[in-house]
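J.: Got a structure here, written out as structure tokens. Questions coming.
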Amino acid sequence: MDDRLRPGAVALNVTLGALVQVLALSTWYATSAVAPQLARHWNLDSGEVSWLTSCVLLGFAAGALGLGLLRVADRVRPGVLLPLGSLIAAACTALPAVLPIGFAPTLALRVLTGIALAAVYPPGMKAVASWTLARRGSAVALVVASLTLGSALPHALRTLPLPGWRSVLLISAVAATLAAGLATTTRTGPHTSETDTLRIGAAWQLFRNRRQRLVTLAYLGHMWEVYGLWTWSVALLAALPGSGGPVLGVPGWGPFLLIGVAGAIGCFGAGSAADRWGRVRVTTVVVTISACCCLLAPALPLLPDIVAAVMLIVWGASVIGDSPMYSALLADSSDPTAVGTALTVQMALGYSLAAVPVLLLPRLAAHVGWPWALLSLAPGPLASALSLRRLQRLDRTS
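Per my numbering, the sequence shown starts with residue 11, numbered consecutively.
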């Protein structure tokens, strides 16, 4: 009997795949978590600091597109590709902490980190999803939840009595190195699907096919919001009168709860609800909640601490809770021979767009303050909700 079908094999491999993602993706926000210290160390303004995250996003977008064009995930076993990507991300994260390099070389390393993580996250999701058909949606939600926890992990490290910013970078690098070791055991499950050759011509279906166009627009709106909030959550919490209250106001814990804990709960909750009530309906509800929170952001300084904290937790859950659904919706809408192309191009577009609000927000906040600046994220989820409503009407009439 195929040992992949043995009892416990699915749970073991899905859990292992999720753990690899948590550890490896801790390098994503490693420099952003210590941005205030890096700003003082290199005498940076907030606009320059924003490039620490934007370079990772742009590197990830380029890496996802490049690896897709070369079909690397199909040609290289995940037990090789994931460790390699994790080790490169670890090295790029550790170098600024151990070598006397400046801001510009660090930005180059952040781009390389993003490229390396493109060899970890999408192939890792594909490997996890290959272990189950009946609960594939839950498996994908688990990987996205791992992304949220991994991204938030460096913020949690700031709560520890560490000697300085270099320690956070080094611990994140060690975590990614551990991920590389664990990832050597990564295997694809019995439900592996053949991936099509990436065809640029098929990418135009994202814009020509109405259903794919609506799903892609909804995804882009989601990406406009999520990384803007994640990147500048520290600045937002610091700008509130109570600094986020007794829980979210603790340095490090606030962003970890907002991004990691709330985000993971949002992914699991939305995924479970989608299995019962349908992906489009649940995604519409979740992104609408996120849009409402975004529209209410300017009111945060006026709210009691506990009310503001609850609102931020709800926002943290809803801003990422819809994320696992977009890939599934696009796959359902695509020609089976072009699913790989559609998903790769969608991801490249989304992560490229996500860099824009990350760069713009600090410049806007310098004039109107952080709560009002975050209002500029609202067009994203509002556009998503509108696109999903149109998708619901299209499904009813087709």
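No residue lacks a Cβ here, since even glycine has one placed at the ideal position from N, Cα and C.
Since we're looking at a predicted model, the values are computed, not measured.
Could you tell me whether the Cβ atoms of Ala352 and Leu371 are closer together than 9 Å?
T.: No, the Cβ-Cβ distance between Ala352 and Leu371 is not below 9 Å.
J.: Would you mind reading off the limits of the alpha helix (DSSP H) that contains Asn23?
T.: Start and end: Ala19 to Ala34.
J.: Does the distance from the CB of Val130 to the CB of Ser96 come in under 9 Å?
T.: Contact flag set, yes.
J.: Taking 8 Å as the cut-off, does the region 383 to 390 touch the region 232 to 239 (at least 3 CB pairs, one atom from each stretch)?
T.: The region 232 to 239 is in contact with the region 383 to 390.
J.: So, at 6 Å on beta carbons, what are the nonlocal neighbours of Trp52 in its own chain, with the 5 sequence-adjacent residues on each side left out?
T.: Contacts found: Phe113.
J.: Please report the straight-line C-alpha distance between Gly78 and Val317, rounded to a whole angstrom.
T.: If I take the Cα positions, the gap works out to 44 Å.
J.: For Ala245, I'd like the list of residues in its chain whose CB is within less than 6 Å of its CB, leaving aside the five on either flank, ordered along the chain.
T.: Within the same chain, Ala245 has close Cβ partners Trp380.
J.: Measuring only the C-alpha atoms, how far is Leu80 from Val66?
T.: So the alpha carbons of these two residues sit roughly 21 Å apart.
J.: What residue from Val355, Gly281, Gly276 and Ala40 has the CA that sits closest to Arg223's CA?
T.: Closest option to Arg223, Cα to Cα, is Val355.
J.: Checking 9 Å against the spacing of the C-beta atoms, do Ala34 and Leu127 come in under that value?
T.: Cβ distance < 9 Å, so Ala34 and Leu127 count as in contact.
J.: Using the C-alpha atoms, what's the distance from Ala283 back to Val292?
T.: Approximately 7 Å between the Cα atoms of the pair.
J.: So Val296 and Ala280 are supposed to be a Cβ contact under 8 Å. How far apart are they, rounded?
T.: Contact holds; Cβ gap of about 5 Å.
J.: Using a 10 Å radius around the Cβ and a threshold of 16 neighbouring Cβ atoms, would you call Val378 buried or exposed?
T.: Exposed: under 16 other Cβ atoms inside 10 Å.
J.: With a CB to CB cut of under 6 Å and the five nearest residues on each side skipped, what residues in its chain are close to Val121?
T.: For Val121, where only same-chain residues beyond five positions count, the Cβ hits under 6 Å are Cys65 and Gly69.
J.: Using 9 Å as the threshold, is the C-beta distance between Val290 and Asp405 below it?
T.: Closer than 9 Å, so yes.
J.: Looking at the unbroken alpha helix (DSSP H) that takes in Leu179, where does it start and where does it end?
T.: Run containing Leu179: Trp175 to Ala193, per the alpha helix (DSSP H) assignment.
J.: Quick one: Cα of Gly76 to Cα of Val59, how far?
T.: Computed Cα separation, rounded: 27 Å.
J.: Could you check the C-alpha separation between Leu48 and Gly174 for me, to the nearest Å?
T.: Roughly 10 Å between the two C-alpha positions.
J.: Which whole-angstrom value describes the C-beta separation of Pro265 and His165, a residue pair presumed to lie in contact below a C-beta threshold of 8 Å?
T.: Confirmed, Cβ separation roughly 4 Å.
J.: Can you tell me the Cβ-Cβ gap for Val324 and Cys304, rounded? I've got them flagged as a contact below 8 Å.
T.: With 8 Å as the limit, Val324 and Cys304 do not qualify as a contact, their Cβ atoms being about 11 Å apart.
J.: According to DSSP, is Val150 helix, strand or coil?
T.: Three-state DSSP puts Val150 in a helix.
J.: Take the Cβ of Arg373 as the centre, count every other Cβ of all protein chains shown within 10 Å, and call the residue buried at 16 or more, exposed below.
T.: It is exposed - the Cβ of Arg373 has fewer than 16 other Cβ atoms within 10 Å.
J.: Taking the alpha helix (DSSP H) that Ser386 belongs to, which residues open and close that run?
T.: Premise fails: Ser386 is in no alpha helix (DSSP H) and is neither H nor E.
J.: Report the residue from Val178, Leu247, Gly18 and Leu312 whose alpha carbon sits nearest the alpha carbon of Thr37.
T.: Among Val178, Leu247, Gly18 and Leu312, the Cα nearest to that of Thr37 belongs to Val178.
J.: In angstroms with no decimal places, state the Cα-to-Cα distance between Asp55 and Leu119.
T.: C-alpha separation (whole angstroms): 20 Å.
J.: Under 7 Å Cβ to Cβ from Ser394, same chain only, skipping five residues before and after it: list those, please.
T.: Same-chain partners within the cutoff: Ala228, Gly231, His232 and Val297.
J.: With C-beta atoms as the reference, is Gly73 less than 9 Å away from Ile111?
T.: Cβ atoms of Gly73 and Ile111: not closer than 9 Å.
J.: Mapping the DSSP letters down to three states, classify Ile419 as helix, strand or coil.
T.: For residue 419 there is no data in the structure shown, the boundaries of the chain being 11 and 408.
J.: With 9 Å as the threshold, decide whether the Cβ of Ser337 is near any Cβ in chain B.
T.: Among the protein chains of the structure shown there is no chain B, as only one such chain exists.
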